[in-house]
Amino acid sequence: SGVGGVRPSCTGGSGGYTRSAPALDFIDACSSPGRLVFLGNAADTAFTEEIPFAFRWFRRPVRELTVSTAGLLTFGRTAFTGATSLPIAQAPPDSLAAFWDDLRMRDGVCTAVLGVAPARSYVVQWSRARFDVASDDSTLSFEVILREGSDVIDLAYLTAQGNAARAGGSLATIGLQGRTPAERDEVAYRVSGAVRAGTRVRWTPTADGPACPDGVYQQTFEARCAGADEVPVWSTLVASADVPAGTHLRL
Numbered sequence: 004s005g006v007g008g009v010r011p012s013c014t015g016g017s018g019g020y021t022r023s024a025p026a027l028d029f030i031d032a033c034s035s036p037g038r039l040v041f042l043g044n045a046a047d048t049a050f051t052e053e054i055p056f057a058f059r060w061f062r063r064p065v066r067e068l069t070v071s072t073a074g075l076l077t078f079g080r081t082a083f084t085g086a087t088s089l090p091i092a093q094a095p096p097d098s099l100a101a102f103w104d105d106l107r108m109r110d111g112v113c114t115a116v117l118g119v120a121p122a123r124s125y126v127v128q129w130s131r132a133r134f135d136v137a138s139d140d141s142t143l144s145f146e147v148i149l150r151e152g153s154d155v156i157d158l159a160y161l162t163a164q165g166n167a168a169r170a171g172g173s174l175a176t177i178g179l180q181g182r183t184p185a186e187r188d189e190v191a192y193r194v195s196g197a198v199r200a201g202t203r204v205r206w207t208p209t210a211d212g213p214a215c216p217d218g219v220y221q222q223t224f225e226a227r228c229a230g231a232d233e234v235p236v237w238s239t240l241v242a243s244a245d246v247p248a249g250t251h252l253r254l
């Protein structure tokens, strides 16, 4: 006989963020010590990297993110690389659209960790991107900054020039979405002049979201076998709950 089960510790709530536009310096991750550079001279591709500190997205713990050349970041390993043609309400789940358009990297995407724990910043910078069309002379440099401890998310734009209105966002999506369309904030969808050099966006988590502590989910199983020929009995774990990305299961 056996007893046990997965004991999740998430509590309910609507979740969400408040948006503001603070004055922030642009952090040049591409010139920072310890930087990593990905996807130079590339388009329609992506890479995955582990977040270097504990971070919560819609108050759910996340461990890794996938960064696309198309200006889109997703929490997890799902990559979306093509040009956007949908509003943020229909975007991939757990996505952050910094400047979601059909882009090609020149310098690549740089990542860097700055500061000292427990107040570090993890920066993902798209450096000198252009639109993936022939003879395009646009230059777009922008970044996402994840803040340790506060779970704040910042967007910062250094350059947005060339190709008429497109560099300002006339074909781009900017915003974020959680696991459902209800968990979203659309800054702009195909809006000319949505961003320019110096534009800043900050999302600060609200206090009423689902609280999912970054811990270990444990299944306890006890079994006894009668007779001389005892055979080990193992637990079978059936996970039907929606547990946070990065969850560890201990049997």
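For what it's worth, this note's numbering labels the leading residue of the sequence shown as 4, then goes sequentially. Built from N, CA and C at the ideal position, the CB exists for glycine as well.
Backbone CA spacing between residue i and residue j [nearest angstrom]
i, j, result
"residue 110", "residue 186", "33 Å"
"residue 205", "residue 152", "15 Å"
"residue 88", "residue 135", "Bear in mind that the predicted position of residue 88 carries a pLDDT of just 41, short of 50, making it unreliable; the figure below should be weighed with that in mind. Approximately 15 Å between the Cα atoms of the pair."
"residue 149", "residue 167", "31 Å"
"residue 223", "residue 116", "In this prediction, residue 223 scores a pLDDT of 48, lower than 50, which makes its location untrustworthy; the coordinate-derived value is nonetheless stated afterwards. Approximately 38 Å, taken between the alpha carbons."
"residue 22", "residue 210", "14 Å"
"residue 171", "residue 196", "5 Å"
"residue 20", "residue 189", "12 Å"
"residue 35", "residue 114", "9 Å"
"residue 95", "residue 137", "28 Å"
"residue 173", "residue 163", "12 Å"
"residue 175", "residue 198", "10 Å"
"residue 38", "residue 182", "30 Å"
"residue 112", "residue 28", "19 Å"
"residue 48", "residue 119", "32 Å"
"residue 157", "residue 147", "6 Å"
"residue 53", "residue 98", "16 Å"
"residue 184", "residue 81", "17 Å"
"residue 139", "residue 40", "23 Å"
Boundaries of the beta strand (DSSP E) in which residue i is found, first to last residue
i, result
"residue 177", "176-180"
"residue 148", "142-150"
"residue 113", "111-117"
"residue 39", "39-41"
"residue 258", "The structure shown has nothing for residue 258, since the chain only spans 4 to 254."
CB-CB length for residue i against residue j, believed under 8 Å
i, j, result
"residue 179", "residue 108", "At roughly 22 Å, the Cβ-Cβ gap does not stay under 8 Å, so residue 179 and residue 108 are not in contact."
"residue 200", "residue 161", "6 Å"
"residue 70", "residue 78", "Wrong, their Cβ atoms sit about 11 Å apart, outside the cutoff."
Whether residue i touches residue j by CB criterion (7 Å)
i, j, result
"residue 32", "residue 128", "yes"
"residue 100", "residue 177", "yes"
"residue 141", "residue 133", "yes"
"residue 203", "residue 73", "no"
"residue 75", "residue 103", "yes"
"residue 207", "residue 126", "no"
Residues that residue i bridges to, as DSSP identifies them
i, result
"residue 156", "149 and 206"
"residue 127", "114 and 147"
"residue 65", "58"
"residue 2", "No answer is possible for residue 2: it lies beyond the span of the chain, which begins at 4 and ends at 254."
"residue 102", "Answer is none; residue 102 lacks a bridge partner."
"residue 71", "49"
"residue 132", "143"
Residue-level contact to chain B via CB, residue i, 7 Å cutoff
i, result
"residue 109", "Protein chain content of the structure displayed is limited to a single chain, and chain B is not contained in it."
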